[in-house]
Structures are given as C-alpha cells and as structure tokens.
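> Structure provided below as structure tokens; questions to follow.
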Amino acid sequence: MVDLTYQDVMRADFSSLTAAAKQWRAMGDAFDALRQDYANQVRNKAKGWSGEAAKSFWTASDTALYEFGAAKTQAHSIAKLLDNGHDMLTEAREVVKRARSTAEDKGGMKVDAYGKCTTDISKLTAEEAQGVLRDPTRLDTERAWTNWIQRAVQGVVAADRLVRAALESAGTDADARGDLNGFNGKAPSGLEEFARQEAALQAAKAAEKAEKKKADDLSRKITKGTLVGLYLFLRSGGDLGKFAASSINAVAEATGYNKTQGICLNFSAGAGIGGSLDTCLIATRRPDGGVQLSSTFSPAAQTEGWDFGVGASIGVLKSNADDISQIRGGGWDKGGSVKSGPLGVDFNRSDAFGAKNSKGDSVSSYFLGVGPGAEGKIGTGFSRTYGNVLWESPPQRGSK
C-alpha cells in the first residue's frame, strides 16, 4: 500500500465519497424492501407447509431472510463510513493547507507542488536576497518547514488508513450467522464505533499475549526450580528439605499465595476406551504461609469419548488447592491427547468431588504436558488421586 503524498492530498476530490455514500445508502434501502417483500410474498405463503421438504425450505429461508437484513446493515454501514471518511479527510486536508499558509506567511517560505519549502526571495531586494541565501542556517530552516508540512500530510495518511480499515471491516462477514462469507450483520455504524471495536480487539490481543507470556514464564520457573532442587538433593545425599526449599521458592515466585504447582509424568493407553496414570511432585503453599511438598499417584479410567494408541508425557500441573488433602480423592476428568512420533501434547482438567479450598472455591487441577507416543484421544472419565506429604514447613509468623 502506497501512502498519500502532499500532491495527492491537495489534488484529491473527496466529494466522490459523498456521492458513493448516497448510492450505498440507496442500496441498503433496496435490500430492506427486498427483505420485506420476501417475508410477505414468499414466507407468508409457505405457512402451513410441513414435511421434510418444508424443513429444508424453512432452514434456507431463515438464512435468506437474515442475509437480506445483514445486507441492509452492511450497505448502510459503508454509507456512513464514507460520509465519516469525507468529513475526516476534508478536515485533515485543511490542516495541511493551514500548515502551508503558516510556512508561507510566518516562515517566509515558498511551497512547491510537492510540499517542499524554499526561502521566498521574490519580495526581497538583491542585497537582502544575497544575505538570506548566504545564511548558513537557511537549509536547516527550509527542511524544518518542509517537515512541518509533511507532518500535517501524515495526518491525512492516518485518516486514510483508518477509513480503509473500517471499510474492509464492514465488508467482511464477522457475525457467524447466515451464509458463510455472507453479508456482515455486525458492520460498524460509523468510524467512532469501528475505533471502539478495534481498540477492544487490540486490548484483547494484548491481554492474550501477556497471558501466554505469563504461562510460559511460569513453566520455565517451575521447571528450573525443580531441576535445581533435584541437583541439590543429589549433591546433599538425599536432603529432601533443600530439594523442597529450592522447588517451592521457584513455585512461590511464579504463582504467589495459596497455589499448587507441580511436575507430572503421565502414561496412557487405549483401544477405543482408555486409561491413564499420573505421578506428580507438587508444591503447595498453605493459607498459614507454610509449604508442603507432596507426591501424588492418580489412576484414571475413560467413560466417554475415544482413545487409540499409547503415549507418555511430562508437564506442568496447576491447581487452586491450598492443601494436599483437597486434591486427594475422586475427580471428574476432561481432556485429550495428540501424539505422533517423538513429540505430542496432553491436556487435562480434573474437578475434585466436593473439595473446596480455604477461600470456598471448588478445587480444580489442570495438566499440560508434552512427550512421545502414537496416540489420539479425547473424552471424559473418573480419576482417584492418592497423595502423601513428603516434607512440610511450619506456619509462617503473621500469616492468616
């Protein structure tokens, strides 16, 4: 896409936008008339019709009726956007004209057809002109006034881009109703609404990106802390306290108060209906500020869905439990797996039966892992978790 130049801006005829808007508005009115005629002359005459053919007709007819209405909305939206675009571009060009006048009247510049400024010596005497032309700051001054005008031109470029983006948005089916790639029943009613929608979309994308980064950082911190703890555990001849302290510090840094995080190994297999086995090392920060290091063992059986193949994975467990006792017992699992060769992915959510944490929230656990296998599964089922506290610290002073 080539941006507008000063010459483009000054020569543009924005009245064509107003003329086009009138045609689009008339088109929207025509679609509205078609919709009413279709409802009155076609659908009304089919009332009382039943049977399989009638079902097919009414399904198609509902889509057609909706598309007539969406076509009206889209056409009127484009008309409004063209009117808004005319006003915005006209005002932006006025800013360019004022910038040019300022350069001429206050800066003593001559502005050519391309927006370039040079010192105007036409009203100076020969002696005055020679003095100005020999001024060592003259070129810098001319460049400054040229940039002044170009900044105003960029305002027109920005307005042009906004109008283009809004028109493209209005012409793209975004309501997930009616025909696929049909008319847009949610086309913006003007540039102001489009700007709000775009701002909300960008904010949602930024939040999603930040959440992904947060999750990635969380996994790295937990893995690093656990590996460091394992190293200390091996170097110290089995000092479980050092292992727990290192791992829990990493977990606490990543997750904060009243959270459970862990590293799990998962093994699964199925031939239609499948089963799985998880074993985890998890760190829990209790409401009193103390911490628990626990091992868990969770067999699960699938009751609905499908599972074919075998696989294994290692991954991260995350839960809102703040005591290991809240994880023990039965749970309802939902998840799936896709593996082919050396790398695949497992995901699972387990809702503990009747368990609540200290805040009164129902306890749930999430697992996301990667690993080798040849397996595809998705479904629901039951699991039972057995857990033992390996190490536990005393309550922290001042914690509630």
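Under my numbering, the letters of the sequence shown match residues 179 to 578, in that order. All C-beta atoms in this analysis are idealised placements derived from N, C-alpha and C, irrespective of residue type, glycine included.
When you compare each of L345, V220, A336 and W569 to V180 by their alpha carbons, which one comes out closest?
Of L345, V220, A336 and W569, the residue nearest in Cα terms is A336.
> Please list, in chain order, all residues of the same chain as K390 whose beta carbon is under 6 Å from its beta carbon, the five residues on each side excluded.
Cβ neighbours of K390 beyond the five flanking positions: none.
> Looking at the structure shown, is K258 part of a helix, part of a strand, or coil, going by DSSP?
Helix at K258.
> Using C-beta distances below 8 Å, list every residue in its chain close to E570, excluding the 5 sequence neighbours before and after it, in chain order.
Closer than 8 Å at the Cβ level, and outside the excluded window around E570, lie G468, V469, Q470 and L471.
> When the Cβ atoms of the segment 256-268 are set against those of the segment 299-307, are three or more pairs found closer than 8 Å?
Touching, no.
> Quick one: what's got a C-beta closer than 7 Å to F361's C-beta in the same chain, skipping five residues either side?
So the qualifying residues of the chain are E245, A248, A249, Q252 and D351.
> For L546 and L379, I'd like the C-alpha separation in whole angstroms.
About 27 Å.
> Suppose you measure from the CA of K301 to the CA of K284; what does that come to, to the nearest Å?
Spanning the two alpha carbons is a distance of roughly 14 Å.
> Should K227 be labelled buried (16 or more other beta-carbon atoms within 10 Å of its own) or exposed?
The question names Lys, but residue 227 in the sequence shown is Trp. Looking at its Cβ environment, which holds fewer than 16 other Cβ atoms inside 10 Å, W227 is exposed.
> Go ahead and pull the three-state DSSP assignment for W227.
Three-state DSSP puts W227 in coil, outside helix and strand.
> Buried or exposed for D290, going by 16 or more other Cβ atoms inside 10 Å?
Exposed, by the Cβ-count rule.
> If you follow the alpha helix (DSSP H) that K200 is part of, which residue opens it and which one closes it?
Note, K200: alpha helix (DSSP H), S193 to D215.
> Spatial neighbours of L243 within its chain, please: CB distance less than 8 Å, with the 5 preceding and 5 following residues excluded, ordered by chain position.
So the qualifying residues of the chain are R213, Y216, A217 and R221.
> Checking the sheet assignment: what are the DSSP bridge partners for N566?
Answer by DSSP bridge pairing, in chain order: S473.
> Look at the alpha carbon of G559 and the alpha carbon of K512, and state the distance between them as a whole number of angstroms.
Near 7 Å, if we compare the C-alpha coordinates of K512 and G559.
> When you compare the segment 197-213 with the segment 319-338, are there three or more beta-carbon pairs, one atom per stretch, that lie closer than 8 Å?
The answer is no - the segment 319-338 does not touch the segment 197-213, with fewer than three Cβ pairs under 8 Å.
> Between V484 and G557, how many whole angstroms is the CB-CB distance? I'm expecting something under 8 Å.
The sequence given here has Trp at residue 484, not Val. At roughly 6 Å, the Cβ-Cβ gap stays under 8 Å, so W484 and G557 are in contact.
> Smallest Cα separation from Q328: which of D357, L568, G293 and I299?
When each option's Cα is compared against that of Q328, the closest is G293.
> Would you mind stating whether G489 and A449 have Cβ atoms separated by less than 8 Å?
No, the pair does not count as a contact, with Cβ atoms beyond the cut-off.
> Grab the span of the beta strand (DSSP E) containing Q157 for me, first residue to last.
Past the edges of the chain, shown from 179 to 578, lies residue 157, and the structure says nothing about it.
> Which whole-angstrom value is the C-beta distance of G356 and T241, which I expect to be below 8 Å?
About 5 Å separates the two Cβ atoms, so the contact holds.
> Judging by CA-CA distance, which residue of E371, E370 and D353 is the nearest neighbour of G363?
Closest by alpha carbon: D353.
> On the CB-based measure, 16 or more other CB atoms within 10 Å of its CB, does I492 come out buried or exposed?
Exposed is the call here.
> Quick one: what's got a C-beta closer than 7 Å to T481's C-beta in the same chain, skipping five residues either side?
T558, G559 and F560, listed in sequence order.
> Which residue from R527, P520 and A343 puts its Cα closest to that of A365?
The candidate whose alpha carbon is nearest that of A365 is A343.
> Going along the chain, which residues of its own chain have a beta-carbon closer than 6 Å to the beta-carbon of V341, five neighbours each way excluded?
So the list reads G263, once near-sequence residues are dropped.
> Any idea what DSSP makes of I505, helix, strand or coil?
In the structure shown, I505 sits in coil (DSSP, three-state: anything other than H, G, I, E or B).
> Report back the beta-carbon spacing between T457 and I505 to the nearest angstrom; my notes put them in contact at under 8 Å.
Contact doesn't hold; Cβ gap of about 13 Å is too wide.
> Determine whether the beta carbon atoms of S542 and R527 lie at a separation below 8 Å.
Contact flag set, yes.
> List the endpoints of the continuous beta strand (DSSP E) containing Q439.
Counting along the chain, the beta strand (DSSP E) containing Q439 begins and ends at T438 to R463.
> Between A373 and A330, which are expected to be in contact by the criterion C-beta below 8 Å, what is the C-beta distance as a whole number of angstroms?
Incorrect: roughly 21 Å between the Cβ atoms, too far for contact.
> Is the beta carbon of G507 closer than 8 Å to that of G515?
It is worth fixing the name first, because residue 515 is Ser in this sequence and not Gly. No.
> Return yes when the Cβ of G452 is within less than 8 Å of the Cβ of K517, no when it is not.
Against a cut-off of 8 Å, the Cβ pair of G452 and K517 comes out as no contact.
> Taking the C-alpha atoms as reference points, what is the distance between G487 and P477?
Straight-line Cα distance between these residues: approximately 17 Å.
> Spatial neighbours of Y564 within its chain, please: CB distance less than 6 Å, with the 5 preceding and 5 following residues excluded, ordered by chain position.
Once the five neighbours on either side are set aside, the close Cβ partners of Y564 are F475.
> Do D261 and A199 have their beta-carbon atoms positioned less than 8 Å apart in this structure?
Yes, the Cβ-Cβ distance between A199 and D261 is below 8 Å.
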